[in-house]
Amino acid sequence: MAFYRQVGTVPQKRHTVLRDDEGALLREELMGEEGFSSDSSLLYHRGVPSSIVASEIWDLPDHSTTPNHPLKPRHLRPHRLFDESMSADVDAVTGRRLLLGNGDVRIAYAVGAATSPYYRNALGDECVFIEQGSGVVETVFGALPYRSGDYVVVPRATTHRWVPGELTRWYAVEANSHIHPPKRYLSRFGQLLEHAPYCERDLDGPDEPLLVEGEDVEVLVKHRGQGPGGVVGTRMVHATHPFDVVGWDGCLYPYTFNVEDFMPITGKVHQPPPVHQVFEGWNFVICNFCPRKVDYHPAAVPVPYYHSNVDSDEIMFYVEGDYEARKGSGIDRGSISVHPGGHAHGPLPEAIEASLGKEYFDELAVMVDTFRPLDLGEGGLGCEDPAYAWSWAGRRLGD
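See below:
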């Protein structure tokens, strides 16, 4: 994140001596993006962050993918991948099922109540939407409480673990890049501008250090390699606990943003999806469609017009409410629609007439648009509704 925070104990000047109460020297670590040329933070460790005592292969969950070929729109039902009565042992890291992925981003889903292993994604930032549940994300920067409707943004290579307080549904967007607010909402110095649909006071970061003692602590690391999708895993054992940071300061840290704090931008006629954007990464964007007043022109058509994604795949995760444009298609809460580039999509024909005169849409959805085609992961293949592609024609599969 682009605005400065200071948590815990740091020296008055960076790169100078800092000792604890017993006189022991603390170790300074710079965690920074783009070499030394972008956002960073300085962390002060009791132990040595580089000291490991073991490194072994971690066999990742299935990251293989299958092309969307022959090309067609798809409807995924990820709720069907998990039996809630058997989710007590499922965690947010090892329990993820890959729905969709390409060389820029992976979209996964998990339902569980177990504490995850310590984890570090060295490929890119993660933006995890909390569909349902509450708990805490423990990180090297401190603890972050989460609740339903939160986006939890975790910078690349941040050691963390998920500690649910109850059954949680995680919708994870894993980038191979950084994830940040849209550039058009930022000043040239990084402040969120007046026309942005949220501001810095809506973002919650760690408030105090999370100090944990321990030795020989295992951390699962996802990183670049020759595995499916260029992703491999390593089990790295640290000599001392990674959560040994007494203080840090800078502009790089994990944070949460709740979708209730997003202020929708509306207009006299239908507004295009970019007004709903909340984050972006390399070759993809994240948007959210929130409950809102809709178009107020007397002849307005509130549902979207048909549109061809000539440059992108559009992935819509339907979280809550009534989905006016999708009525009659089989889409419901927990559904994910996959509308690929090369196929014109929009509302079902009967939904257009039904929407006329509407003044308010009570719906919540999270959209990911990618600028390279998305392939289907094993989770996506395992929860598809095969009839969806023919719904605009009013037919079921095989008719």
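Numbering (full-length UniProt numbering), first residue to last: 1 to 399.
Note that CB positions come from ideal geometry on N, CA and C, so glycine has one too.
It should be emphasised that the depicted structure is a prediction, and the values quoted were computed from it without experimental measurement.
Whole-number beta carbon distance between residue j and residue i, since they are thought to touch under 8 Å
i: V245; j: V140; result: 6 Å
i: E218; j: A239; result: E218 to A239, Cβ: 12 Å. No contact.
i: Y109; j: G379; result: 6 Å
i: G142; j: P209; result: 6 Å
i: G330; j: H75; result: 6 Å
For residue j and residue i, the rounded distance between their alpha carbons
i: H343; j: I315; result: 13 Å
i: S337; j: H195; result: 30 Å
i: V237; j: G101; result: 29 Å
i: H178; j: F279; result: 10 Å
i: P254; j: V153; result: 6 Å
i: T234; j: I52; result: 12 Å
i: T94; j: R5; result: 31 Å
i: R188; j: F243; result: 34 Å
i: L99; j: D21; result: 49 Å
i: D207; j: A92; result: 23 Å
i: D375; j: T66; result: 5 Å
i: L144; j: D332; result: 31 Å
i: Q277; j: V285; result: 7 Å
i: Y171; j: D202; result: 21 Å
i: S38; j: G250; result: 11 Å
i: G281; j: I265; result: 21 Å
i: S85; j: E384; result: 22 Å
Beta-carbon proximity of residue i to residue j, cut-off 7 Å
i: N283; j: D104; result: yes
i: N176; j: L252; result: no
i: V111; j: R169; result: yes
i: S335; j: Y360; result: no
i: N309; j: G357; result: no
i: S312; j: T256; result: no
i: R161; j: S116; result: yes
i: E28; j: L42; result: yes
i: A387; j: P73; result: no
i: G205; j: E166; result: no
Beta-carbon proximity list for residue i, same chain, < 6 Å, skipping 5 on both sides
i: I130; result: Y146, S148 and D150
i: P11; result: L18
i: residue 419; result: One cannot answer for residue 419 here, as it falls past the ends of the chain, which runs 1 to 399.
i: A54; result: V237
i: P291; result: D362
Enclosing alpha helix (DSSP H) for residue i [first to last residue]
i: L381; result: E378 to L381
i: P349; result: P349 to S355
N-terminal and C-terminal residue of the beta strand (DSSP E) that residue i is part of
i: M316; result: D313 to G321
i: K222; result: E215 to R224
i: A365; result: E363 to T370
i: N102; result: Here N102 belongs to no beta strand (DSSP E), and DSSP marks it neither H nor E.
i: Q277; result: Q277 to G281
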